[in-house]
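Everything on this sheet refers to the single structure shown next.
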Amino acid sequence: MTFLQPYILWGLPLVLIPILIHLINRLRHRPQQWAAMRFLLSASRSSVSHQKLRQFLILLFRVLAVLALVLFVSRPLAGGWLGWMFSPAPDVILILLDRSASMETQIPGAPTSLREQALKLISQMAKEFDQTSHLVLIDSAFRSPQEIANAQSLVGLSLTTPTDTAADIPAMFQTAINWLIENRAGTAEIWVASDLQRSNWQADDPRWKNIQERLHSLPQKVRVRLLSIAGTAEPNASVSLKEVTRRQRLGQAELQTVADLQRNVNQSASVPLNITLDGARSQTEVMMESQSFRWRYKTPLGAKNPAGWGSLELPADANRLDNTAYFVYGPEAESRAMVVASDAQSGRFFRFAASSVVNGARQPAEAVSAAGLHTANWSDKSLLIWQDALPVDAAADRVRAFVEEGGVALFFPTGQADANRFMGASWGEVRTTTDVKPFRVGRWAEEEGPLAKTDEGLSLPLSKVPFLRRQTVTGAKNVLATFEEGAPFLSRQTLGRGELYFCASSPNREWSGLSDGPVLVPMLQRLMQTGNRRLQQHASLVCGELSPADQARRWTAIDTAAAKDIRTQAGVYRAGDRMVAVNRPVTEDEPGILEMADAQRLFEGVPFHLFQETPNASEQLQSEFWRFFLFGMLLFLIAEGVLILPRGTLRIQTRQDVAAVQTSS
């Protein structure tokens, strides 16, 4: 048994107050031995024994009443049969099952995953309600409510098997509430089985406020039971792909691979990494000196096909689903950049810095106006450079669609006040300085992104570029570079398959020295390569985030002979002449866990019951049963009140009642 307000238990010594009062009262009335009194006591020894028993019972009921009061205020939780005994059966139980990749982490010392343990516990608990409640399952992969016949069928359902997807817990609650409204259900309970991974719960998402309001507004009573399955402390490593590029260097094709390796153990170790390339397997050793490591690898392709597939695989550990990352590669598509610039000088720099090779000849980027976006040719574009008032209405829709398809949009300031906002970002005030003390960039991301080191390991000379003017970026999501005083220089935001970038300065010579080229040219060329995924036939997709068009295709797994579902399982798939690599979301590798206090705040004002399953715990699902102590306190007080009534009063009242009856007759 646990308590929601355990600090109230410091009041337990209050149960001694009736005993202290009793002892003080005994001191006030000390017995005096004298002959006549001793005779009377001897004659009524039996009556004295009954009187002592009566006083003992009065004292006992007073102590128990105070004890029940303290326990009632501390809001106790009980599990197992005791918890269920005080919880009435609801009309419907909605089971929200987290099937994300992190739920496949094994419990220490047992060949059971967190998902399997959750199913086992839910099956045992729901068995008590098979005859009284309807059971409805909502899984994290499809979020489609399915009514199930009984609790025992949970384990064998395809909707409870492991997946390589992430879980959107707020969306699952919205689905559950919609089901309750549409089906006009009676009293209901929502059971949630999850490992409380912070990226899945999204505690800062504004949808939680809406969920609280909708739960409060429901006409029926709804309770939420959270079954938190604890994670593991056993050693575990994960691998995820950051970039895979096929390049031609000196007439030879090579595959450049960038992968992120993470471990939950902070000590140096050599990790074997299996590499599969078009079915051929090899192994290399990766020396990890910290918990996270970025691994770069180049593989000569020789006379191999211009397109292919592969994977990176770590040895088996606590979670088998985060040990493999898949990739596909193909010939680089010919792509171009599009420039929308209100400043002619900056536009000229952009066009030449973002030039590309088309039909064997280098051509500058295409220049268009903001009004001409709807007539522009987007079919071969991978990068949009925008230096104008932020797009709105139809222009904003066109830019958003371009990025969601996998393109990259890079925004530069105009120096003018701009009230427009695009994807939550906008331009703020303009700050200026002099040539004597220009602004300089102090820190930037060199491991990945447009400002990363070169293949030879050399840093871009960004710290040497002087900046005379800059415009504040408000609403920046992921800051990649900052000025020396901490203001953002370059920020990034993900949108669909593509990315948005905001740069705080311009290559105009009145603004900065970016026009010299050593920073601007590699930055734009890298962003063009990033946007090439919009044009490539072979692509990398996130498991669980396939577009409706992709889901309608007939996909066949080529990394294994076993049948796979592209919607829920990672791997390499082919449909016609298109080949894709599907990987679990990178957020599934994040170790952050939602604190219990934060989880309780998400359901503020809603009847909420918590059960935390730990490897060494044998608890059951917990319920509040403070009403038991409240009713117990009232019964103890009533019993004590009856016992303290004088006997003479009872006899007189009884005789009066008898006399009244005889007189009336």
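Under numbering that gives the first Met the number 0, residue 664 is the last one in the sequence shown; the count climbs by one each step, no gaps.
We treat Cβ as the ideally placed atom computed from N, Cα and C, and that holds for glycine.
Can you look up residue 152 in the DSSP assignment and give me helix, strand or coil? helix
In terms of residue numbering, what span does the beta strand (DSSP E) encompassing residue 490 cover? 487-494
Which residue marks the beginning of the beta strand (DSSP E) containing residue 327, and which one marks its end? 323-328
With distances taken between CB atoms, is the gap from residue 284 to residue 272 smaller than 9 Å? yes
Leaving out the 5 sequence neighbours to the left and right, which residues in its chain are closer than 7 Å to residue 445 when beta-carbon positions are compared? 451, 452, 458
For residue 499 versus residue 489, is the C-beta distance shorter than 9 Å? no
Do the CB positions of residue 585 and residue 539 come within less than 9 Å of each other? no
Taking the continuous alpha helix (DSSP H) assigned at residue 394, which residues delimit it? 392-403
Can you tell me which of 260, 523, 475, 268 puts its alpha carbon nearest to the alpha carbon of residue 381? 523
May I ask you to verify whether the segment 370-380 touches the segment 464-483, counting CB pairs closer than 8 Å and requiring at least 3? no
Mind checking if residue 127 is an interface residue toward chain B, Cβ cutoff 9 Å exclusive? Here there is only one protein chain, and chain B is not present.
Rounded to the nearest angstrom, what separates residue 325 and residue 553 at their Cα positions? 19 Å
Between residue 608 and residue 225, is the Cβ-Cβ spacing less than 9 Å? yes
For residue 466, is the classification buried or exposed, using 16 other Cβ atoms within 10 angstroms of its Cβ as the cut-off for buried? buried
If you draw a straight line from the C-alpha of residue 512 to the C-alpha of residue 352, how long is it? 14 Å
With three or more C-beta pairs closer than 8 Å as the rule, is the segment 338-350 touching the segment 491-498? no
DSSP state of residue 640 mapped onto helix, strand, coil: helix
Where residue 178 sits in the DSSP three-state scheme: helix
Checking the sheet assignment: what are the DSSP bridge partners for residue 350? Answer by DSSP bridge pairing: none, since residue 350 is not bridged.
Could you give the distance in angstroms between the alpha-carbon of residue 208 and the alpha-carbon of residue 262? 35 Å
Run through DSSP, which three-state label would residue 281 get? strand
Per DSSP, which residues does residue 511 bridge with? Please list them. 466
Per DSSP, which residues does residue 710 bridge with? Please list them. Since the displayed the chain opens at 0 and closes at 664, residue 710 lies outside it and no answer follows.
Taking 8 Å as the threshold, find out whether the segment 55-64 comes into contact with the segment 629-642 through three or more Cβ pairs. yes
Residue nearest to residue 214 in terms of C-alpha spacing, selected from 413, 289, 565, 189: 189
Which residue marks the beginning of the alpha helix (DSSP H) containing residue 125, and which one marks its end? 113-125
Using 10 angstroms around the beta-carbon of residue 563, count the other beta-carbons present and answer buried if the total reaches 16, otherwise exposed. buried
Would residue 153 and residue 94 be called neighbours here (beta carbons separated by less than 9 Å)? yes
Do residue 389 and residue 419 have their beta-carbon atoms positioned less than 9 Å apart in this structure? yes
Any idea what DSSP makes of residue 60, helix, strand or coil? helix
Assuming residue 380 is part of the beta strand (DSSP E), what are its boundary residues? 380-386
By Cβ distance, which residues of its chain are closer than 6 Å to residue 81, with the 5 residues on each side in sequence left out? Bear in mind that the predicted position of residue 81 carries a pLDDT of just 49, short of 50, making it too unreliable to give a figure here.
Under the three-state DSSP convention, the category residue 415 falls into: coil
Applying the criterion that 16 or more other CB atoms from any shown protein chain within 10 Å of the CB defines a buried residue, is residue 630 buried or exposed? exposed
Cβ pair residue 525, residue 405 closer than 9 Å: no
Please state the DSSP three-state secondary structure of residue 248. strand
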